[in-house]
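*Asks:* Please find one structure pasted underneath; my questions will follow.
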Amino acid sequence: MHLLLVRHAESVGNIEKRWQGHADFPLTAKGLSQAECAARRLSTVAVSAIYSSPSSRALETARIIGARHGIQPQAEDGLREYDVGTLSGELIRDIEDQYPRVYQRMVGIYDEGTDVAGEEGQPAFRARVHAAMWRIIQAHPGRQVVVVSHRGPFATFLLDWLELKPTKRPPFEFSNASLSILQVEGPAFLTIQVLNDTCHLPPELVSERLL
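Each residue of the sequence shown is one higher than the one before, counting from 1 in the working numbering.
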């Protein structure tokens with residue numbers, strides 16, 4: 001089966017440079033255009049199902065993609081972004097300055113601790129993302145399934161698969177409205193076929209690197 005991973009399109013939280021986490025921010029006008037481009041890119045693919053994080057920025061993106069296929073996205077809680085608890089929605093630069101260890105965990109550096117009320121912790125985050133992704137894989141053998149989520153869950157799923165607990169920021173990115181394609185041939189074999197592809201976006205719609 002193939003997993004077609006689409007990071008949500010640009011949101012208000014992105015352009016305000018906030019760590020959105022479990023906070024809700026809608027797509028920008030640019031983000032809506034990005035989502036339409038991603039939908040066109042996938043319009044000729046035989047998609048069996050679409051799953052999405054329940055966060056509005058992801059669900060909006062997923063619904064635009066789903067409209068091309070007559071498919072209603074299924075919300076999956078396990079696909080939410082890393083939860084930083086009381087810091088959700090705060091400016092990224094403030095978190096980096098005041099809570100450097102939280103910031104490191106946000107960008108994917110492995111650390112099992114937590115520092116603020118309500119912070120999820122990486123072990124729990126990895127476990128829920130892993131469980132959600134494998135539920136989707138096992139439910140659709142031999143099919144092509146779109147998963148709309150966030151940078152954190154996608155990076156974490158690949159790091160978990162590669163059995164990596166990085167001490168530096170992971171060496172791959174997931175841009176807004178990017179497409180990555182994973183071929184899964186059972187629990188022992190996964191191939192990264194496409195990573196962070198934004199060729200469906202015209203230059204003016206490519207977002208700068210944002211968390």
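C-beta atoms are modelled at their ideal positions from N, C-alpha and C, and glycine is treated no differently.
Taking 8 Å as the threshold (C-beta atoms), are ALA75 and HIS140 in contact?
*Replies:* no
*Asks:* With a threshold of 8 Å, are at least 3 pairs of Cβ atoms found where one atom belongs to the stretch 34–47 and the other to the stretch 197–205?
*Replies:* Because the criterion of three Cβ pairs below 8 Å is met, the stretch 34–47 and the stretch 197–205 touch.
*Asks:* Count the CB pairs spanning the stretch 84–92 and the stretch 47–67 that are closer than 8 Å, and state whether there are at least three.
*Replies:* no
*Asks:* Kindly indicate the opening and closing residues of the beta strand (DSSP E) around ASN176.
*Replies:* Neither: ASN176 is in no beta strand (DSSP E) and is coded neither H nor E.
*Asks:* Could you spell out the range, first to last residue, of the alpha helix (DSSP H) harbouring ILE15?
*Replies:* Note, ILE15: alpha helix (DSSP H), 12–15.
*Asks:* Less than 8 Å between the C-beta atoms of VAL102 and ASP115, yes or no?
*Replies:* Yes, these two residues count as a Cβ contact at 8 Å.
*Asks:* With distances taken Cα to Cα, identify the nearest neighbour of ALA188 among SER11, GLY78, GLY118 and TRP161.
*Replies:* TRP161
*Asks:* How is SER33 classed by DSSP in three states: helix, strand or coil?
*Replies:* Three-state DSSP puts SER33 in a helix.
*Asks:* Which residue wins for smallest C-alpha separation from ALA127, given the options GLU16, GLY113 and PRO153?
*Replies:* PRO153
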